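A.B. asks: Before I ask anything, let me first share the structure, which is written out below as structure tokens.
Number of protein chains: 2
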Amino acid sequence: MKNKEIPELVVRRLNLYARCLGYLEEMGVLTVSSKELGDRLGIADTLVRKDLSYLGEFGHRGVGYYVSQLRHSIRKMMGADKPRALVIVGAGNLGLGIGKYHQHFLDNHRVVAYFDTDPEKIGQSVEGIPIYPMEKMEEIVAGMGVELAVLAVPKDQAQRAAEKLVLAGVRGILNFAPIALQLPPTVRVAYADLTLELQNLAYFLEKEANSTSPAGFVISRRRKEG
Amino acid sequence: MKNKEIPELVVRRLNLYARCLGYLEEMGVLTVSSKELGDRLGIADTLVRKDLSYLGEFGHRGVGYYVSQLRHSIRKMMGADKPRALVIVGAGNLGLGIGKYHQHFLDNHRVVAYFDTDPEKIGQSVEGIPIYPMEKMEEIVAGMGVELAVLAVPKDQAQRAAEKLVLAGVRGILNFAPIALQLPPTVRVAYADLTLELQNLAYFLEKEANSTSPAGFVISRRRKEG
């Protein structure tokens, strides 16, 4: 199935497997079965095997998958082995928090610039990353060939900032503002929607509290990717 | 279907409909069809109707759904009409950014406390919300009956902080640290996984850049909830 288009949900799970395999590798684990991998992530082993077959990777009978090799194959297919530049629009707590988080945790994504409208912030640097005015966006983004951006501005500034990003050449936006951006269909937007995540959690807490099941609330933890 | 268990993905979509209906209400729209609602969110109208049938809500022929009434029904079913207390563990940029974002954007979730280990931060307040030492967690969380928490601490502190939250009585955690928490099955964890979101976006950008399709890259924007 190597050249088949991979559905979005499969891409999400493949990236999840790669991360989990990274942990196993750090722990010195050499091989893993689809069942062990699935159990760690709350995903059925049949689905794990189906997902991995997109890569042309098949387990070895009695051995399973070689951890390091499988991780490498997934990361290569996902493009996670290439370094990528990223800009963050909004240098408030949320933007800076994401930037710092990524400096520490993200392997191939490197934050190269913040953008903000606040004259007090413009011209400063945070952990070596400069904060530019919004007017410099086209120059920096186009000049560095940046395609990915994180949008961490207030709701009422988000649409306009997103349009500026797109005009500068950005093709993928991770949006933290709780609004649906109206952008050309060539641009991909992912929504980091904290409000919705909390509402979803709250619903299940509520339901469990009201449950009359004799076992009380016993719910499996699941990754949010469903 | 009113008493049927609602699957997680349906809950996510229902919360999404409620938000969209809120926008429509603000805009003065009185009625909406399943097609119009679906089009705004990239969800098929058949799926919209199926989801709404969990509420026992059916559209009216030639009219569709009454915006305000439908939003109210969903929010009631989702428990989004009740105020809820929330604590944030980690008063770094990310934690404070989330707190400020929620002060502004979240209707029924109210941040009541931050927790941190930094003696410089402990005892301060941010927009009226106090920062407590970790040792106070049980007292505050149990005392106020808080069930929801956001975890915004570095990766190596996340598991321990999560355990403290659970011991204090928290049952739902929105985790920003990129690790899989090991907690009792009675606790629900949602992963706000920025790294994975970016890797997913990056994969699709890569694929589109390599696409040989004559139309170039034309991809529909989708909500991340898939």
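Keeping their order, the protein sequence lines are chains R and H. Numbering of the first sequence is given in UniProt numbering, commencing with residue 1 and proceeding in unit increments. Numbering of the second sequence is given in UniProt numbering, commencing with residue 1 and proceeding in unit increments. Even for Gly, the Cβ is constructed at its ideal location relative to N, Cα and C. Keep in mind it's a predicted model, so treat the numbers as computed, not measured.
Determine, using beta-carbon pairs with one atom in the segment 8-19 of chain H and one in the segment 43-56 of chain H, whether at least three such pairs fall under 8 Å.
C.D. replies: Yes: at least three Cβ pairs fall under 8 Å.
A.B. asks: Tell me the rounded alpha-carbon separation between Lys121/H and Val189/R.
C.D. replies: Using only the alpha carbons, I get a separation of about 35 Å.
A.B. asks: Beta-carbon within less than 6 Å of Pro214/R's beta-carbon, same chain only, minus the 5 sequence neighbours each way: which residues are those?
C.D. replies: A caution first: Pro214/R carries a pLDDT of 32, below 50, which makes its placement in the model unreliable, though a value can still be read off. So the list is empty, once near-sequence residues are dropped.
A.B. asks: Which residues in the same chain as Arg40/R place their Cβ atom closer than 8 Å to its Cβ, once the five residues preceding and following it in sequence are excluded?
C.D. replies: Cys20.
A.B. asks: What residue ranges within the segment 39-64 of chain R form continuous alpha helix (DSSP H) runs of no fewer than 4 residues, ordered along the chain?
C.D. replies: Taking only runs of at least 4 residues, the alpha helix (DSSP H) segments lying wholly in the segment 39-64 of chain R are 45-53.
A.B. asks: Along the alpha helix (DSSP H) that carries Ala162/H, what are the first and last residues, could you check?
C.D. replies: Per DSSP, Ala162/H belongs to the alpha helix (DSSP H) from 155-168.
A.B. asks: Could one say the Cβ of Glu197/R lies closer than 9 Å to chain H's Cβ atoms, at least one of them?
C.D. replies: At least one chain H Cβ lies under 9 Å of Glu197/R.
A.B. asks: Counting along the chain, where does the alpha helix (DSSP H) carrying Asn108/R start and finish?
C.D. replies: Asn108/R -> no alpha helix (DSSP H), and no H or E assigned at all.
A.B. asks: What residues from the segment 4-20 of chain H come within 9 Å of chain R, judged by C-beta to C-beta, listed N to C?
C.D. replies: Residues passing the 9 Å Cβ filter: Glu5, Ile6, Pro7, Glu8, Leu9, Val11, Arg12, Leu14, Asn15, Leu16, Ala18, Arg19, Cys20.
A.B. asks: If you measure from the beta carbon of Ala168/R to each beta carbon in chain H, is any gap under 9 Å?
C.D. replies: Chain H, which has no Cβ nearer than 9 Å to the Cβ of Ala168/R, makes this no.
A.B. asks: Applying the criterion that 16 or more other CB atoms from any shown protein chain within 10 Å of the CB defines a buried residue, is His109/R buried or exposed?
C.D. replies: Buried, because 16 or more other Cβ atoms sit within 10 Å of the Cβ of His109/R.
A.B. asks: So, with DSSP's three-state summary, where would you put Leu174/R?
C.D. replies: Three-state DSSP puts Leu174/R in a strand.
A.B. asks: If you measure from the beta carbon of Leu205/H to each beta carbon in chain R, is any gap under 9 Å?
C.D. replies: At least one chain R Cβ lies under 9 Å of Leu205/H.
A.B. asks: How should Gly56/H be labelled, buried or exposed, when 16 other C-beta atoms within 10 angstroms of its C-beta is the threshold for buried?
C.D. replies: Classification of Gly56/H: exposed, given that the 10 Å Cβ count is below 16.
A.B. asks: Of all Cβ atoms in chain H, is any one closer than 9 Å to the Cβ of Val48/R?
C.D. replies: It does not; no Cβ of chain H falls within 9 Å.
A.B. asks: Looking at the structure shown, is Leu183/H part of a helix, part of a strand, or coil, going by DSSP?
C.D. replies: Note: Leu183/H maps to coil in three-state DSSP.
A.B. asks: Can you round the beta-carbon distance between Ala80/H and Val112/H to whole angstroms, since I take them to be within the 8 Å contact cut?
C.D. replies: Rounded, the Cβ-Cβ distance is 18 Å, inconsistent with contact.
A.B. asks: With distances taken between CB atoms, is the gap from Gly38/H to Arg71/H smaller than 9 Å?
C.D. replies: Not in contact: Gly38/H and Arg71/H (Cβ atoms no closer than 9 Å).
A.B. asks: Compute the beta-carbon to beta-carbon distance between Ile131/H and Ala162/H, rounded to the nearest angstrom, for a pair I have assumed lies under 8 Å.
C.D. replies: The pair is not a contact, with the Cβ atoms about 19 Å apart (cut-off 8 Å).
A.B. asks: Could you give the distance in angstroms between the alpha-carbon of Lys164/R and the alpha-carbon of Val187/R?
C.D. replies: Cα to Cα, the separation comes out at about 12 Å.
A.B. asks: Identify the contact partners of Ile98/R in chain H, using a Cβ-Cβ distance below 9 Å as the criterion.
C.D. replies: Chain H residues near Ile98/R: Asn93, Leu94, Gly97, Leu194.
A.B. asks: Could you give the first and the last residue of the continuous alpha helix (DSSP H) run that contains Ala142/H?
C.D. replies: Taken as a continuous stretch (DSSP letters only), the alpha helix (DSSP H) holding Ala142/H covers 137-144.
A.B. asks: CB Ala202/H to CB Gly172/R, shorter than 9 Å?
C.D. replies: It is a contact, given that the beta carbons lie within the stated cut-off.
A.B. asks: Does at least one heavy atom of the ligand COA sit under 8 Å from the Cβ of Gln69/R?
C.D. replies: The model depicted lacks the ligand COA and carries no ligand whatsoever.
A.B. asks: For a test of the three-state rule: what should DSSP assign to Ser34/R, helix, strand or coil?
C.D. replies: Note: Ser34/R maps to helix in three-state DSSP.
A.B. asks: Does DSSP put Ile98/R in a helix, a strand or coil?
C.D. replies: Helix at Ile98/R.
A.B. asks: Assign residue 227/H to one of three DSSP states: helix, strand, or coil.
C.D. replies: Any question about residue 227/H goes unanswered here, given that chain H covers just 1 to 226.
A.B. asks: Expressed to the nearest angstrom, what Euclidean distance is found between the alpha-carbon atoms of Val153/H and Arg160/H?
C.D. replies: Whole-angstrom Cα-Cα distance: 10 Å.
A.B. asks: May I have the straight-line CA-CA distance separating Tyr65/R from Thr31/R, to the nearest angstrom?
C.D. replies: Tyr65/R and Thr31/R: Cα-Cα distance of roughly 5 Å.
A.B. asks: Report all residues from its chain with a CB closer than 6 Å to the CB of Leu196/H; omit the five preceding and five following residues, and keep chain order.
C.D. replies: Hits under 6 Å: none found.
A.B. asks: Quick check on DSSP: helix, strand or coil for Val67/R?
C.D. replies: Helix at Val67/R.
A.B. asks: Contact defined as beta carbons within less than 8 Å: I believe Val170/R pairs with Glu147/R. What is the distance between those atoms, to the nearest angstrom?
C.D. replies: Their Cβ separation, rounded to whole angstroms, is 6 Å, which keeps Val170/R and Glu147/R in contact under 8 Å.
A.B. asks: Measuring only between beta-carbons, confirm whether Pro178/R sits less than 9 Å from chain H.
C.D. replies: By this cut-off, Pro178/R is an interface position.
A.B. asks: Between Gln124/R and the rest of its own chain, which residues show a CB-CB distance below 6 Å, the 5 nearest in sequence each way excluded?
C.D. replies: The answer, listed in chain order, is Ile131.
A.B. asks: With DSSP run on the structure shown, which of helix, strand or coil describes Val189/H?
C.D. replies: In the structure shown, Val189/H sits in a strand (DSSP, three-state: E or B).
A.B. asks: Please classify Arg75/R as buried or exposed, where buried requires at least 16 neighbouring CB atoms within 10 angstroms.
C.D. replies: Buried: at least 16 other Cβ atoms inside 10 Å.
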